[in-house]
Amino acid sequence: MNPLLEQFLAEAREFLQAIGEKLIELERTPDDAALVNELFRFVHTLKGNSGLFEFPEMTRVLHAGEDLMDLVRNGKMEYSQELADRLLDAMDFVGLLCDEIELEGVIKATHASDSAKLAQSLRELITVEASSADNAAGEMAVATLQVYELPSPALLVDIPETVRGEAVRAGRPLFWIRYSPISECFFQGDDPFYTSRRTPGLLWGAALPRSAWPPTPELNAYDCALDFCVLSNASQEELVEHYRYVPDQIQLCPLDPLLLILPQGNPNGGPVYEDFVTEALQLLEADDFEGLNQAAQTMIELSNSELWFASALRWLVVLLESKRKNPTAMCALILSLRTLEAPHWAEMESDSSVLEEGMEAQAIPSSNVMEIKTNKTLTATAFAELSEEEIEALEAILADQRQILSLEDRPNWVAGRWTAVAGTLINCFSASGNIEAKAEIEAALAQSIAIMDTGPLLQWLDASQGIASKLELQELAQDAGVDVEIEGDAASSAADEALYAAMLEDSEVDAVALNGAEIATTAPAAMKPEETQKFGKRTDDTIAAPKSLKVDQVKIDRLMNLIGEIVVSKNALPYLAQRAEDQFGVRELSREIKAQYAVINRIAEEMQDAIMQVRMMPVSFVFQRFPRLVRDLSRKLGKEVDLVLEGEDTEADKNIIESLADPLIHIVRNSLDHGLETPDVRKAAKKPGMGTLTIRAAQEADQVIIEIKDDGRGIDPAVIKRKAYEKGIIDEATLERITDAQAVNLIFTAGFSTAETVSDLSGRGVGMDVVRSAVEAVNGTISLDSEVGKGTRIRISLPLSMAVTKVMIVESDKQIFGVPMDHVVETVRVERNSIRAIKNNLTTVLRGRIIPLKNLNTLLEITADQLANEQDELAVLVVRVGAESVGLVVDNFNETIDVIQKPLDGVLGGLSAYSGSALMGNGSVLMVLNVKEIV
Amino acid sequence: MPIDFKKKKAFFNDVVGVEEAEGLLQWISDNPGAKVDLKACSHLHSANLQVLMACKPSISAWPQDEGLRVWLENSFIDK
């Protein structure tokens, strides 16, 4: 697999996850525009990325999803659960494809139909919704394409007459497309020529140099300097669809077919034509198109085809053969035979729609095509500029200006500041159409500077604030010129930015003073955008280096192993020091070794800590999948559930977090299936209809605590007891004796299930004991408490990290063993005579509590007795097993050390008495006892 | 090879991709007066197209591909 694909897969997964999250978030706040935007961006990027590879199945689905989100984003469609469901399905499908690509490298062809189906289901939503909501995605997409000026006749003349003739004769709406690819488009993998060649409904096309070609040596082959002109008779939707990746580089403009009627040729002629003109006009008058056609054909045969006259006649025939006749155009054409000059179609007052079937956009007199188009842009811009948002923005700008004016400080560049404010105001007001305001503002500014007080400017602003009301602005805007608006807007925003930048940098007085001076000098020049942009920081000036690295886990694991080895070999130094002293008698050296050891020890510990930090992951990694899970399950079960996640940023070692995933899912499923009731049941029990499921993570000392709490029906200990007894998990004696709290914990026993029926969610009886063993596998513990009718709480506590274990070394029968410090409660020396035997069990009383004692030798089936020290005291290591304390009688205690515990494998794997082995500093192997198993 | 550069003639074959443009430009500037044979060409990338349009080598054979030929003829008219 190539690195690009690898990267794509990794990113795709992230995107899918994020999309899922956003969708679910959106379900809570369907009106959050920012969220919708973000969602769109994710889908859009993912689609774009997928396009890099040959995964049409994936791209198709994502494309449909993107279109859908685009509509939602633009408010053309309502967000709905249905939509979320389908999108989630689609994303699941994409996830599936990703898995397949990762495994097989390709997507199986069998997915094509699924993909089509999914895309179809997404598109269905579009058509259903969009057609109801003011008609069609196409139209909206079209709106994004700007309409530009018509091609010059000089260009159209280049189109062969036959092509133009065909185009006019067919009578279909025509479009003129000018595709001006951006100059670096080749680097983006575009081939504009190819795109143009594949334009739907292509009638004619040509590439034009954008400007005169530079001399060959200066030519840059990879700097696109071509424009493409295309004449097409496809529908607007098709064209928009075709050029959907480059809408900003396209000028799509409906072309009046009449504009194509450009007779060409030798303008020689004579009075002989006059007869024909008269005759033709008569025939036209009588609506005898047939006769006119014949007459024209005859004339064409008679005349030299090179002549302008013949060309015009051919056009006449074209018009006559066109699907719908346009007598006005014909008349103009016939009349032109007299002057031998092409009719001025653009000026002709004709109902050109006669010629153009089904071409709504052109159902306007052709003479007005240009004008109306300009008007359209104008009004569109005017309204767009002053949408609700724009007015808000304007008000915000004005408020900012007021704030700036109200600033109390008077630095020496204050005049510059005011000038900038005035510039902004002028731009704002001229942008909203109030051009007269300029003079007033300038006057107020002059006054302000003269008396060194912002009074006049503020007053003017106050007075004008009323003007800035929505209605008036809109009115004003209608009178405003487009140019003024756009320029003004750009300038004002630039000035605004500049000012902010200046203000933000207040601490750097010098820089600010400089900026201020600059403002002062440039501001009078009507704040031209290009000048104002020189100051004020632009975000893209600062190159942000990525702050995080993506590292393969294998590399981190390797680091982890290496640091483990360092820890072990560093532990050898104290032995070395000991030997230097004992065997060779050089105390000095021994001390130095110890000093060095202390340094290395410190560094190694820090390093270990740092690597641990790298491996730390927030629990959100596991939590993030719950919203989706809970949503899906609750919908399936007909329950209403509010999922509350807390402490998602709590961190723990990656392995621990990963091992948590499955158990947690199990628990959540159980809570939803057995715990939470349906809304009816809940209401009957006087609980809110919506159940709450809380998943909380927190760090307590070196443990991560995860709590899953629901307010469902709880677990009835009586039922558990009965079930456990029925299944033979507990005997009769236990049944009598067991407490309620103990009883509910029976659900962690293997083979236990309370569910009456097996559903696809839970109830097979393999759930909770698997959860328990998974948690215990990473040295965690799990407990449960529950109250009938109130709810259930499951508490999982896990170590933060499992890489390094602290063990206490104990001696027994001249062997050493490690006991994990997690289990060690205390170490005591107990006099032999204070040990009592109750039946066969040894016990002692420790601080008022009876502690059962067990000989380690006995537990390990070593025949030797435990040794006591000179005072006849036995070494007792009090360990905690579950909730109970047990005293292990050993021969002696040694120090505690950090070890990297390696699991036993191979033949030793079956030894349950040991949880693993570790390498000691002196090279010997330490067996770590599995206390739970041996006691 | 998408383009076979002979002594005084370059033969275009099938689809001529974007990466050929640099070489084509170099070859044309090294061989002024050279000719281009597009007979077997079915598509050439825009970059190559603009090199041809800018350097105006004489075309010794137009493409057999009708669509491409029309496009090229249209584009070279403006010379």
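Protein chains in written order, with our numbering: chain A, 1 to 935; chain U, 1 to 79.
Ideal Cβ positions, reconstructed from N, Cα and C, are used throughout, including at glycine.
Between the C-alpha atoms of L307(A) and E166(A) there is a straight-line separation of about 20 Å. Within the segment 229 to 252 of chain A, not one residue has a Cβ closer than 8 Å to any Cβ of chain U. For G205(A), the neighbours in chain U by C-beta distance under 7 Å run, in chain order, W71 and N74.
When DSSP states are grouped into helix, strand and coil, K721(A) belongs to the helix group.
The C-alpha of T110(A) is placed about 32 Å away from the C-alpha of M77(A). Annotation for H44(A): no beta strand (DSSP E) segment contains it, though the alpha helix (DSSP H) segment containing it runs A33 to S50. Approximately 7 Å separates the beta-carbon atoms of D785(A) and V744(A); this is inside 8 Å, confirming the contact. Under DSSP, the beta-bridge partners assigned to I897(A) are V807(A). Going by DSSP, W71(U) is part of the alpha helix (DSSP H) stretching over E66 to F76. Put simply, the segment 8 to 18 of chain U touches the segment 44 to 57 of chain U. At least three CB pairs are less than 8 Å apart. Within the segment 43 to 68 of chain U, the residues whose Cβ lies closer than 9 Å to some Cβ of chain A are H43, L44, H45, S46, A47, N48, L49, Q50, V51, M53, A54, C55, K56, G67 and L68, listed in chain order. Y273(A) and R338(A) have their C-alpha atoms roughly 7 Å apart.
Judged by beta-carbon spacing, W315(A) lies beyond the 8 Å limit of L258(A), meaning their Cβ atoms are not closer than that value. Taking a Cβ-Cβ threshold of 9 Å, none of the residues of chain A is close to I3(U); the smallest such distance is about 13 Å.
Looking at the DSSP output, A207(A) sits in a beta bridge with F228(A). Contact between D32(A) and L23(A) does not hold, since their C-beta atoms are separated by about 12 Å, which reaches or exceeds 8 Å. E831(A) sits exposed, since fewer than 16 C-beta atoms from the chains shown fall within 10 Å of its C-beta. If you draw a straight line from the Cα of Q578(A) to the Cα of L589(A), it comes to about 10 Å. At a cut-off of 8 Å between beta carbons, L38(U) makes no contact with chain A. Membership of E677(A) in any alpha helix (DSSP H) is not indicated, and neither H nor E is assigned to it by DSSP. Looking from the CA of R772(A), the closest CA among L867(A), A212(A), L71(A) and H666(A) belongs to H666(A). Excluding residues up to 5 positions away in sequence, A64 lie with their Cβ nearer than 6 Å to the Cβ of R123(A) in the same chain. Classified as buried, P63(U) has 16 or more neighbouring CB atoms from the shown chains inside 10 Å of its CB. For I838(A), the beta-bridge partners assigned by DSSP are N841(A).
L260(A) is the residue among E285(A), L283(A), L260(A) and N266(A) whose C-alpha sits nearest the C-alpha of V318(A). Taking C-beta atoms as the reference points, R880(A) and V807(A) fail to come closer than 8 Å. One alpha carbon belongs to F76(U), the other to L333(A), and they sit about 31 Å apart. Segment contact: the segment 550 to 570 of chain A against the segment 605 to 615 of chain A, three or more CB-CB distances shorter than 8 Å; contact assigned. The C-beta of F228(A) has 16 or more other C-beta atoms within 10 Å across all chains shown, which makes the residue buried. When the alpha-carbon of T827(A) is set against those of L874(A), S834(A), L859(A) and T858(A), the nearest one is in L874(A).
Rounded to the nearest angstrom, the gap between the Cα atoms of D256(A) and R164(A) is 12 Å. Chain-ordered listing is empty here: chain A has no CB closer than 9 Å to the CB of A10(U), the nearest sitting near 14 Å. For Q7(A) and I101(A), the gap between their C-alpha atoms comes out near 12 Å. For L174(A), the closest Cβ of chain U is not nearer than 8 Å. Here DSSP, grouped into helix, strand and coil, assigns I28(U) to helix. Across the structure, V644(A) and D711(A) are spaced so that their CA atoms are roughly 12 Å apart.
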